[in-house]
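First the structure, in the form of structure tokens, and then the observations on it.
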Amino acid sequence: MKIQEIYDEVVQKLRQYAQFDPNSFLHTRTPENGDFSIHETRLKPYTNIEEILSDYRSPSISRVLYTNKSLYFQVDKKSLQRRIITDIIVENDKFGTKPCKNKLIVVEYSSPNIAKKFHPGHLRTTILGSFINNLLKSQGYKTHCINYLGDWGKQFGLIGVGFSQYGQESEMQKDPIKHLYDIYVKINADAKANDLIDLKAKQWFKNLENGKKTHLEMWQRCRDMSIEKYKELYKILNCYFDEYSGESFYAQKCKQVVEKLSVINSSNKDNFKVMKSVHQELFDLFKDSIPKENPECINIENKENENKSALALENILDGNKSDENLVKCPNINDLIKKYESSVKLSTTYSKKKTENTSSTSPSEIYSRKNLKNVKKIDEVIEQIPGSDDFLIKNDEDGSKFIETKHGKLCVIKNDGSTLYSTRDIAAVIDRVIRLNPHKIIYVVASQQDLYFKQLFDILESIQVTKISKLKDIQYNCIPNNFSKNIAYKNNGKNVEKEIHTSFEHVNYGMVNGMSTRKGDVVFLEDIIEISKQIMLTKMHADNDKIVEIQDTDKTAQILAVSALIIQDFSAKRIKNYNFDMERNTKTTGSTGPYLQYLHCRLASIEDKNKNLVDSIISEMIKPKEEGTTNSETLCEISDETRHEYIAKYIVKNADFDLLDEKLKEIVFSLCKYPYVLEKCLANYEPSTMVTYLMDLAKSVSSIIREIRVMDVEKNIAITRLAFYKAVKIVLGNGMRILGMEPLERM
């Protein structure tokens with residue numbers, strides 16, 4: 001039983017008496033008057049309130065109250081206890097999840113710079129991205145998590161130069177990231193005192209860009225070793241990625257992307273033919289990254305003729321065809337006219353010129369020298385320098401930028417080199433073509449809010465989400481409608497389908513207080529290690545309990561990570577917060593170890609009542625053969641099978657009328673868990689889940705000593721055992737969504 005089912009039932013019944021927007025029917029924060037409410041102004045005029053108060057009946061509602069100009073509906077929690085608890089126990093770790101939606105969402109998060117230690121600034125993006133991934137999966141989405149590494153740029157040139165001065169192979173083998181980071185710090189200090197170091201770094205990186213073998217080998221080694229080291233930390237943080245990508249993946253192609261976007265201007269960006277051609281060019285650039293199992297590209301309309309035109313042009317470049325063939329080849333003039341409103345060609349050409357005697361032949365006009373080996377008519381196009389109508393504009397300093405709704409975004413520096421913005425645009429095109437996602441989420445700090453607004457403006461301008469449809473869409477010439485719908489083939493039939501891939505920036509505030517008094521950065525792995533040692537000390541102080549723990553080191557590490565996660569997620573993600581090492585090592589209060597402690601106590605209830613549990617299972621199973629006892633069979637069954645037997649017994653035999661009155665509010669809060677997941681999904685806010693779990697934990701902690709399972713009559717013990725089992729399931733499910741690993745003992 002989920003609260004949404006109760007909500008829907010109440011809303012449906014109320015509609016018999018009044019017309020209203022279901023979104024106006026609210027969950028109340030305080031249950032004194034009721035669990036749901038709706039203000040009278042939200043009801044249609046002439047609604048008879050008195051009739052609702054006297055006649056409204058619903059199996060789930062015990063009372064309807066009118067006060068403060070609102071109608072309140074009180075849920076009959078006692079009657080719903082059986083449905084709530086049994087549903088939770090039967091569904092177990094699936095409680096709160098939703099069936100597969102068959103929609104893929106890409107989540108880009110963490111994204112540290114290679115050859116640098118994982119600093120606390122990456123903590124929030126890493127655990128927040130992991131939370132979003134867990135949340136999306138629980139709600140039926142497929143996810144593809146990308147770690148987009150900072151593995152390109154001048155900073156790597158500094159490391160290359162620095163390694164020749166300070167690098168030691170023995171230190172590289174011990175801890176590659178630490179050694180590379182130490183090198184970076186030293187050479188960076190040298191660069192501040194000596195300008196020549198900076199010039200050397202630029203030259204080193206230029207050699208890397210040009211593909212110098214020794215430089216590439218060193219770069220690849222540093223990248224590989226960094227990823228392996230990061231994976232160790234990600235495993236501790238319960239984070240996993242489907243793909244380790246990086247800026248280097250797009251270093252070469254991003255310039256070509258800019259060139260192909262250069263034809264777009266204000267007069268043709270809504271022109272179907274122009275955008276179709278640009279999309280095809282971009283698709284061709286990245287199509288090699290499409291997995292082989294994906295459907296192959298269906299050629300666009302008139303593609304065959306365009307190929308013939310390109311072939312004819314290529315033949316002229318090779319000097320194999322006469323001038324007249326350029327005019328006669330299919331659609332060549334149409335191809336030229338296609339761009340005449342927005343671009344100019346390298347050299348003027350027309351059919352009239354060909355007919356007249358001229359000293360300049362088409363083969364000379366379209367010479368290899370002019371075209372630099374390009375083989376498509378589209379690539380002959382040049383942007384008109386300084387034109388304000390074009391998407392990509394020239395700035396006064398020689399750089400290139402795109403004017404967005406939120407200001408200028410530079411895409412090419414004045415020295416011709418690219419920026420991370422250029423590589424991001426290329427990365428989006430690649431992901432749209434390769435993965436065709438429903439949404440792409442970027443988990444990046446709020447300092448980048450403006451940048452992502454600008455990036456999303458650009459993606460909208462170039463209609464980037466339509467490029468992926470070249471994999472499985474048969475284009476039809478439908479000018480002016482292309483931005484809304486597009487025809488594609490489905491089992492041989494043309495069907496209209498709206499194309500929409502959305503982009504979202506999930507931002508967060510900064511973590512303060514993670515530096516020493518000297519101002520040095522404290523690295524995340526050091527913080528985890530310090531916390532782990534403190535947890536170990538506290539565990540060893542309890543000699544009775546520590547003997548029950550199989551792996552004390554692993555348990556202490558889990559507690560340390562749990563403390564980090566809850567401290568970070570306790571406040572709204574957009575807020576900055578001060579990291580508190582003292583709080584991070586506390587085991588009481590609203591902390592990660594507090595949740596872990598309650599989960600362990602709930603697990604111990606079943607362990608301490610082993611005789612009761614075994615008697616339940618014994619009633620549900622039969623000996624395999626004559627002469628075999630149930631006790632022997634009990635030792636053989638798995639934990640999963642044990643749970644199934646207990647669940648079946650509770651559904652069949654538990655008498656929930658015997659459940660204590662004090663527990664009904666807690667039971668009702670358990671059915672809110674799926675609703676909490678939906679609230680988290682609406683804004684990717686982990687603090688919503690933390691608040692819910694803390695409230696649940698405090699409520700259960702207040703009664704766990706009083707309402708015992710041991711030493712009470714069996715029927716009562718069974719219902720209480722079922723209650724605590726349901727609480728443990730919900731608590732554990734919520735902790736896993738947050739990225740914590742629930743402990744059974746601590």
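Under the UniProt record's numbering, think of the first position of the sequence shown as 1, with each following residue one higher.
For every residue, glycine included, the Cβ atom is placed at its ideal position computed from N, Cα and C.
**Prompt:** When DSSP labels each residue in this structure, what does GLY34 get in the three-state scheme?
**Reply:** Working through the sequence shown from its first residue, we reach residue 34 at position 34. Residue state for GLY34 is assigned as coil, using DSSP reduced to three classes.
**Message:** For VAL613 and LEU663, what's the separation of their Cα atoms in angstroms?
**Reply:** Looking up residue 613 in the sequence shown gives position 613. Looking up residue 663 in the sequence shown gives position 663. So the two alpha carbons sit approximately 21 Å from each other.
**Message:** Am I right that PHE20 and HIS27 are in contact with their C-beta atoms under 8 Å? What's the rounded C-beta distance?
**Reply:** In the sequence shown, counting from the first residue as 1, residue 20 sits at position 20. In the sequence shown, counting from the first residue as 1, residue 27 sits at position 27. About 15 Å separates the two Cβ atoms, so there is no contact after all.
**Request:** Can you have a look at ASP224 and say buried or exposed, based on whether 16 or more other CB atoms are within 10 angstroms of its CB?
**Result:** Residue 224 sits at position 224 when you count from the first residue of the sequence shown. Classification for ASP224: exposed.
**Message:** For PRO291, tell me which candidate among ASP430, TYR451 and SER604 has the shortest Cα-Cα distance.
**Reply:** Reading the sequence shown from its first residue, position 291 is the one you call residue 291. When only C-alpha atoms are compared, the closest one is ASP430.
**Request:** Can you tell me which of the three DSSP states ARG15 falls into?
**Result:** Working through the sequence shown from its first residue, we reach residue 15 at position 15. Per DSSP, reduced to three states, the secondary structure at ARG15 is coil, with no helix or strand assignment.
**Request:** With a 10 Å radius around its C-beta and 16 neighbouring C-beta atoms as the bar for buried, classify ALA682 as buried or exposed.
**Result:** Stepping through the sequence shown from its first residue, residue 682 is reached at position 682. By the 16-neighbour rule on beta-carbons within 10 angstroms, ALA682 is exposed.
**Asked** Would a C-beta distance cut-off of 7 Å place ILE458 and ILE402 closer than the cut-off?
**Response** As a working mapping, residue 458 is identified with position 458 in the sequence shown. As a working mapping, residue 402 is identified with position 402 in the sequence shown. Yes, they are a contact pair.
**Prompt:** When the Cα of ARG57 is compared with those of THR67, PHE73, GLU40 and PRO45, which residue comes out closest?
**Reply:** On the sequence shown, residue 57 is found 57 positions in, with the first residue counted as 1. Looking from the CA of ARG57, the closest CA among THR67, PHE73, GLU40 and PRO45 belongs to PHE73.
**Message:** Within 10 Å of its beta-carbon, does LEU450 have 16 or more other beta-carbons around it, so buried, or fewer, so exposed?
**Reply:** The residue labelled residue 450 in the question sits at position 450 within the sequence shown. By the Cβ neighbour-count rule, LEU450 is exposed, with fewer than 16 other Cβ atoms within 10 Å of its own.
**Message:** Beta-carbon within less than 8 Å of TYR17's beta-carbon, same chain only, minus the 5 sequence neighbours each way: which residues are those?
**Reply:** Against the sequence shown, residue 17 aligns to sequence position 17. Scanning its chain for C-beta atoms nearer than 8 Å, with the 5 sequence neighbours on each side dropped, one finds around TYR17 the residues THR47, ASN48, GLU51, ILE52, ASP55 and TYR56, in chain order.
**Message:** So if DSSP puts LEU65 in a beta bridge, which residue, or which two residues, is it bridged to?
**Reply:** In the sequence shown, residue 65 corresponds to position 65, counting from 1. Answer is TYR72, bridged to LEU65.
**Message:** For ILE467 and PHE283, which I take to be in contact (beta-carbon distance under 8 Å), what is that distance rounded to the nearest angstrom?
**Reply:** On the sequence shown, position 467 is the one that residue 467 refers to. On the sequence shown, position 283 is the one that residue 283 refers to. Going by Cβ atoms, the distance from ILE467 to PHE283 rounds to 5 Å, so yes, they are a contact pair.
**GLU636 (DSSP reduced to helix, strand or coil)** = In the sequence shown, counting from the first residue as 1, residue 636 sits at position 636. The answer is coil: DSSP assigns GLU636 none of H, G, I, E or B.
**Asked** CA-CA distance, TYR442 and ARG720?
**Response** Looking up residue 442 in the sequence shown gives position 442. Looking up residue 720 in the sequence shown gives position 720. When only Cα atoms are considered, TYR442 and ARG720 end up about 44 Å apart.
**Item:** Three-state secondary structure (DSSP) of GLU91
**Value:** Taking the first residue of the sequence shown as position 1, residue 91 is located at position 91. Reduced to three states, the DSSP call for GLU91 is helix.
**Message:** Within a Cβ cutoff of 7 Å, which residues of the same chain sit near VAL10, ignoring the five residues on either side of it in sequence?
**Reply:** As a first step, residue 10 is located in the sequence shown; it is residue number 10 there, counting from the start. Cβ neighbours of VAL10 within its own chain (closer than 7 Å, five residues either side excluded): PHE36, SER58, SER60, ILE61 and PHE73.
**Prompt:** If you draw a straight line from the C-alpha of GLY731 to the C-alpha of THR97, how long is it?
**Reply:** Taking the first residue of the sequence shown as 1, we reach residue 731 at position 731. Taking the first residue of the sequence shown as 1, we reach residue 97 at position 97. Per the sequence shown, residue 731 should be read as Leu rather than Gly. Each residue's CA atom was taken as its position, placing LEU731 and THR97 some 14 Å apart.
**Message:** Less than 7 Å between C-beta atoms, sequence neighbours within five positions excluded: which residues of the same chain meet that for ASP660?
**Reply:** As a first step, residue 660 is located in the sequence shown; it is residue number 660 there, counting from the start. Within the same chain, Cβ atoms closer than 7 Å to the Cβ of ASP660 are found at ILE707, the five residues on either side in sequence being excluded.
**Asked** Roughly how many angstroms separate the alpha carbons of ARG160 and GLU217, rounded to a whole number?
**Response** By one-based count along the sequence shown, residue 160 stands at place 160. By one-based count along the sequence shown, residue 217 stands at place 217. It should be pointed out that residue 160 corresponds to Gly in this sequence rather than to Arg. Taking the straight line joining both Cα atoms gives about 11 Å.
**Asked** To the nearest whole angstrom, what separates the beta carbons of residue 753 and VAL258, a pair I think is in contact under 8 Å?
**Response** Beyond the ends of the chain as shown, which are 1 and 746, falls residue 753; an answer cannot be given.
**Prompt:** Using a Cβ-Cβ cut-off of 7 Å (strictly less than) and excluding sequence neighbours within five positions of ILE132, which residues of its own chain qualify?
**Reply:** Position 132 of the sequence shown holds residue 132. Closer than 7 Å at Cβ, skipping near neighbours: VAL107, ILE441, VAL443, VAL506 and TYR684.
**Where CYS410 sits in the DSSP three-state scheme** = Residue numbering aside, residue 410 sits at position 410 when the sequence shown is read from its first letter. Assignment of CYS410 by DSSP, reduced to helix, strand and coil, places it in the strand class.
**Message:** Run through the DSSP bridge pairs and tell me what PHE390 is partnered with.
**Reply:** Along the sequence shown, read from residue 1 onward, the residue named residue 390 stands at position 390. According to DSSP, PHE390 bridges with ASN265.
**Prompt:** Residue range of the beta strand (DSSP E) that VAL107 falls in?
**Reply:** Position 107 of the sequence shown, counted from the start, is the residue given in the question as residue 107. In this chain, the beta strand (DSSP E) harbouring VAL107 covers 104-108.
**Proximity of ASN68 and ILE737 at Cβ, strictly below 7 Å** = Position 68 of the sequence shown, counted from the first residue, corresponds to residue 68. Position 737 of the sequence shown, counted from the first residue, corresponds to residue 737. Their beta carbons are not under 7 Å apart, which means ASN68 does not touch ILE737 by this criterion.
**Item:** Segments of 3+ residues assigned as beta strand (DSSP E) that fall wholly inside the region 120-206
**Value:** Assignment of beta strand (DSSP E) within the region 120-206, counting only whole runs of 3 or more residues, yields 142-149 in chain order.
**Prompt:** Closest by CA to LYS116, which one among ILE227, LEU199, ASP8 and THR125?
**Reply:** Reading the sequence shown from its first residue, position 116 is the one you call residue 116. Cα-wise, what sits closest to LYS116 is ILE227.
**Message:** Rounding to the nearest angstrom, what Cα-Cα distance links ASP198 and SER417 in this structure?
**Reply:** Here residue 198 corresponds to residue number 198 of the sequence shown, with the count starting at 1. Here residue 417 corresponds to residue number 417 of the sequence shown, with the count starting at 1. Rounded to the nearest angstrom, the two C-alpha atoms are 16 Å apart.
**7 Å Cβ cutoff, TYR234 in contact with chain B** = Here chain B cannot be found, since the structure has a single protein chain.
**Request:** With a 10 Å radius around its C-beta and 16 neighbouring C-beta atoms as the bar for buried, classify LYS672 as buried or exposed.
**Result:** For the purposes of this step, residue 672 is taken as residue 672 along the sequence shown, with counting starting at 1. By the neighbour-count rule (16 or more Cβ atoms within 10 Å), LYS672 is buried.
**Item:** Beta-bridge pairing of LEU43 - partner residues as DSSP gives them
**Value:** On the sequence shown, residue 43 is found 43 positions in, with the first residue counted as 1. Partner(s): PHE20.
**Prompt:** When DSSP builds the beta bridges, which residues end up paired with TYR244?
**Reply:** Here residue 244 is taken as the residue at index 244 of the sequence shown, counted from 1. Under DSSP, TYR244 takes part in a beta bridge, and its partners are ASN147.
**Message:** Once DSSP output is grouped into helix, strand and coil, what is the label at GLU619?
**Reply:** Residue mapping note: residue 619 aligns to position 619 of the sequence shown, counting from 1. Of the three classes helix, strand and coil, the one that applies to GLU619 here is helix, per DSSP.
**Request:** Note down the Cα distance separating VAL464 from SER531, rounded to an integer number of angstroms.
**Result:** Within the sequence shown, the letter at position 464 stands for residue 464. Within the sequence shown, the letter at position 531 stands for residue 531. Each residue's Cα considered, the two are about 46 Å apart.
**Sequence-distant residues of the same chain with beta carbon closer than 6 Å to ILE3, five excluded per side** = Position 3 of the sequence shown, counting from 1, holds the residue named residue 3. Excluding residues within five positions, the ones whose Cβ falls inside 6 Å are CYS671, LYS672 and TYR675.
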